[in-house]
Every structure is written in C-alpha cells, then in structure tokens.
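Just below is one structure, and these are the notes that go with it.
Okay, here's the thing in structure tokens:
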C-alpha cells in the first residue's frame with residue numbers, strides 16, 4: 001500500500017477508506033506510558049516529503065551513501081510527518097516504527113496564503129461544512145492508524161468565521177479522542193482571534209482560544225525569554241511546545257540546538273524540534289548514523305529517555321539500510337535506547353561495540369515486575385550481558401547492558 005497526501009478539500013470530503021487496509025495493518029502502540037511532564041515532538045519536514053526511500057520498495061543507494069535515518073525514538077514522545085500538501089498522511093511505516101517505540105504519530109493539516117484562505121472559506125462556510133471537514137480528518141487518522149494532527153493555518157481568516165474555526169479545532173480534538181484516547185491535536189502559532197495571520201511566538205490573549213480548543217500549541221521559532229514567561233500565564237507548561245528550528249531560522253539551531261533546549265527546559269515547557277533532517281540535507285555525503293549520534297548527543301541532558309514497558313520483544317536493531325545498501329523504512333526494527341559513537345548500529349543489522357570492558361546501556365525497564373527473564377543474543381565476538389537491578393528484593397527498575405570482553 002502506498003499512502004498519498006490529500007491535496008483538495010473535495011478529495012477530503014469525498015474520501016473513503018479503501019479495502020486494502022484493515023486493523024491488521026495498524027501497529028498497536030506499545031511501550032507507551034502517558035506522561036504529564038514536558039514532551040518532545042519531532043516535526044519531520046524534508047525535501048517535500050513522500051520520498052522514494054519511504055515506500056515499501058525502498059530505494060537503492062550507492063555503497064557508503066546514506067539516506068536520512070531517524071533513530072532516537074526513545075528520546076521523543078510525538079512524531080509529526082510534515083509537508084506542504086493540504087492533508088499530509090504519515091507513511092505507514094513511520095507510524096509503525098513510532099508505535100513500536102511508544103511514540104504518537106501525527107499528520108499535518110495545512111492551508112497557506114491565498115489558496116489557503118479560499119479553502120478555509122469553504123470549510124468555514126457553515127457549521128455543516130466545518131463538521132464534515134473535522135469528521136473526515138478523524139476518519140482518515142482512524143483508518144491509517146495514526147494519532148492526530150498538527151493544525152497549521154498560514155493564511156488570514158474572515159473575522160466572522162473565527163468562531164467556526166475554534167469550533168472546528170474543538171470538534172476535531174474531541175472526536176479524535178472518541179476513537180483514540182491517546183490522540184493529540186496541536187495548534188500552530190499563526191492566526192489570531194481577529195483573523196489576522198501574525199505569529200506571536202508565544203501563547204497570549206490573542207491566540208489562547210485556539211490553544212484551549214486543542215491539546216497543545218506549537219510556538220513559532222522567533223521567541224525570546226519574555227515570550228515564554230508570558231506564555232506561562234496562559235496555559236499549562238507541558239502543553240506549550242517551544243518551536244526550535246534546526247535550520248536556525250529565528251532561533252539558535254543546527255548543532256547548537258541544545259542551547260534552545262536548555263531554555264525550554266528551564267521553563268519546564270515541551271519542545272517541537274523542526275527539521276532534524278537538516279543533518280542529511282547539510283551533510284548528505286557523510287555517515288548519517290554517526291551524524292545523528294553527533295546531533296542528539298548534545299540534546300541528551302535536556303530530554304528524557306523513555307523506558308520499555310514490556311519484556312516481550314525481539315530486535316536485530318536494523319536501521320532500515322540492508323546489506324545490499326537498499327534502504328526500506330519497513331525494515332526498521334526496535335532501536336537501542338542509548339546510541340553513542342562507541343555503540344551504534346551497523347549496515348544490515350546488529351550493533352557494533354568499541355572498547356573492551358566498556359559498559360553499553362541497551363535497554364531499561366520501568367515498573368515491570370517479573371520472576372523470569374530469558375535473553376537470547378547472537379554476536380560475532382565475546383560479550384557479557386549484564387542485568388542490573390536497582391532493588392534486589394523487588395526489581396521494579398532494571399537495565400540490560402552489553403560488555404565486550
């Protein structure tokens with residue numbers, strides 16, 4: 001099955017699920033535990049989206065040529081697939097991978113500039129068209145098994161239609177939760193209560209009604225400390241996602257994103273990281289596994305690593321790049337929770353370890369009580385598997401480490 005975006009309102013209104021998708025195609029959300037604190041959202045926008053390497057067939061690469069590979073699933077909570085199509089549906093395997101790691105998968109609903117205003121005029125023509133649009137988006141997400149939407153209105157709205165836009169957000173949020181209690185609908189900081197398109201870089205009295213109708217707000221990137229102080233007056237801190245653009249458009253980005261993360265953490269706010277595929281677009285000739293490790297290693301002090309919540313799993317740590325250098329999203333398996341330059345994936349499958357008698361933390365468990373644990377490991381060199389438990393009587397927290405001997 002090839003998932004395609006929806007480019008017109010008429011196509012959305014007339015959308016019907018095909019017969020080639022059923023519940024058997026939907027990956028259940030595993031290793032997921034609701035979290036009340038700050039969260040990390042990755043907004044994946046790269047080269048227009050819907051790339052060849054994201055299809056079931058994948059893409060053949062030359063030897064030592066890498067695609068972009070996102071591997072830090074345990075350090076994020078939400079994955080948003082972004083493009084400039086009207087309705088962006090995440091490729092099936094991104095949702096599958098996200099759910100395997102306990103991450104929510106979001107699509108994107110976007111309208112832009114003059115064409116966007118015309119679309120919004122039709123959507124907000126009356127209550128019936130508003131409800132029809134919201135219900136269609138809920139149906140699309142439910143059909144493809146992803147968890148909600150980023151709402152990005154990048155055009156002005158007629159002032160007399162603002163109330164209907166707020167109702168649209170509210171209906172989409174509420175109806176989504178009827179089908180999926182874990183769903184998220186996130187509003188992007190753009191349109192104001194007066195209908196003007198004016199990015200505030202904060203949550204305030206001019207845009208808070210949209211925030212209140214949704215689950216959260218995603219702030220534009222040109223914020224300063226005073227914007228975040230003001231935002232805290234209008235909403236819950238963990239429902240305010242501080243926008244950080246890896247391309248450094250309006251904020252500190254690139255390999256200095258950690259400085260922006262540090263500010264967000266100081267305010268106990270969530271983060272929306274836009275465009276981490278920058279590492280590929282900027283360094284396309286380099287090893288993307290190592291480049292990703294370099295990028296994320298600076299962020300580890302400011303993010304949490306989510307724990308496993310189930311013991312029943314197997315993995316070969318495949319990144320999607322097979323031994324013949326064909327990359328397939330469908331080949332991506334469960335990733336280790338801690339990636340370093342001394343312990344990372346190799347092409348094909350498996351991990352490579354550098355340094356004898358060095359401990360490499362692979363997985364940790366949270367509140368899993370068990371009496372028996374069976375671990376099977378295939379390796380090309382002698383290693384020790386170290387099972388550490390914090391409480392010898394009630395091993396409610398534990399970790400698995402590898403040690404090359």
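Numbering (UniProt numbering), first residue to last: 1 to 405.
Ideal Cβ positions, reconstructed from N, Cα and C, are used throughout, including at glycine.
Nearest CA to the CA of residue i: which residue from the options?
i           : options            : result
residue 115 : 137, 134, 17, 155  : 155
residue 90  : 100, 75, 108       : 108
residue 356 : 112, 47, 383       : 383
residue 280 : 345, 247, 272      : 247
residue 76  : 31, 233, 50        : 31
residue 64  : 45, 194, 324       : 324
residue 38  : 265, 199, 96       : 265
residue 57  : 380, 376, 331      : 331
residue 146 : 305, 106, 61, 13   : 106
residue 254 : 33, 80, 291        : 291
residue 84  : 203, 7, 380, 386   : 7
residue 177 : 148, 202, 203      : 148
residue 204 : 196, 223, 186, 234 : 234
residue 202 : 195, 186, 179, 231 : 231
residue 311 : 376, 250, 380, 251 : 376
residue 236 : 11, 249, 36, 169   : 36
Under 7 Å Cβ to Cβ from residue i, same chain only, skipping five residues before and after it: list those, please.
i           : result
residue 175 : 134, 135, 138
residue 227 : 201, 202
Using a Cβ-Cβ cutoff of less than 8 Å, which residues in the same chain neighbour residue i once the five nearest sequence positions on both sides are dropped?
i           : result
residue 167 : 127, 130, 213
residue 24  : Because residue 24 carries a pLDDT of 49, less than 50, the predicted location of this residue cannot be relied on, and no value is offered for it.
residue 9   : 86, 119, 122, 123, 133
residue 47  : 277, 281
residue 34  : 182
residue 13  : 132, 133, 136
residue 299 : 75, 257, 258, 261
When the Cα atoms are used, what is the spatial distance from residue i to residue j?
i           : j           : result
residue 333 : residue 270 : 27 Å
residue 3   : residue 315 : 26 Å
residue 102 : residue 73  : 8 Å
residue 225 : residue 238 : 16 Å
residue 15  : residue 141 : 12 Å
residue 335 : residue 71  : 7 Å
residue 181 : residue 258 : 32 Å
residue 198 : residue 191 : 6 Å
residue 386 : residue 45  : 39 Å
residue 286 : residue 220 : 30 Å
residue 97  : residue 358 : 29 Å
residue 104 : residue 186 : 12 Å
Taking C-beta to C-beta, are residue i and residue j nearer than 8 Å?
i           : j           : result
residue 329 : residue 94  : yes
residue 68  : residue 294 : no
residue 349 : residue 317 : yes
residue 40  : residue 303 : yes
residue 261 : residue 244 : yes
residue 158 : residue 184 : no
residue 99  : residue 27  : yes
residue 360 : residue 342 : yes
residue 43  : residue 267 : no
residue 345 : residue 353 : no
residue 242 : residue 284 : no
residue 150 : residue 50  : no
residue 209 : residue 200 : no
residue 337 : residue 378 : no
residue 17  : residue 179 : no
Grab me the residues of residue i's own chain with a C-beta within less than 6 Å of its C-beta, minus the 5 sequence neighbours each way, in chain order.
i           : result
residue 161 : 124
residue 152 : 110, 188
residue 164 : 124, 130
residue 321 : 327, 347
residue 92  : 3
residue 374 : none
Starting from residue i, trace the beta strand (DSSP E) both ways and give me its first and last residue.
i           : result
residue 43  : 40–44
residue 218 : 216–218
residue 99  : Counting along the chain, residue 99 falls outside any beta strand (DSSP E), though it belongs to the alpha helix (DSSP H) covering 92–100.
residue 271 : 270–274
residue 245 : 240–245
Over what stretch of residues does the alpha helix (DSSP H) that includes residue i continue unbroken?
i           : result
residue 119 : 113–123
residue 185 : Where residue 185 is concerned, there is no enclosing alpha helix (DSSP H), although the beta strand (DSSP E) it sits in stretches over 184–188.
residue 140 : 127–144
residue 162 : 162–179
residue 406 : The chain is shown only over 1 to 405; residue 406 falls outside these bounds and no answer can be derived.
residue 407 : Only positions 1 to 405 of the chain appear in the structure, and residue 407 is not among them; the question remains open.
residue 263 : 257–266
residue 9   : 9–13
Compare the C-beta of residue i with all C-beta atoms of chain B and state if any pair is closer than 8 Å.
i          : result
residue 73 : The structure shown contains no chain B, having only a single protein chain.
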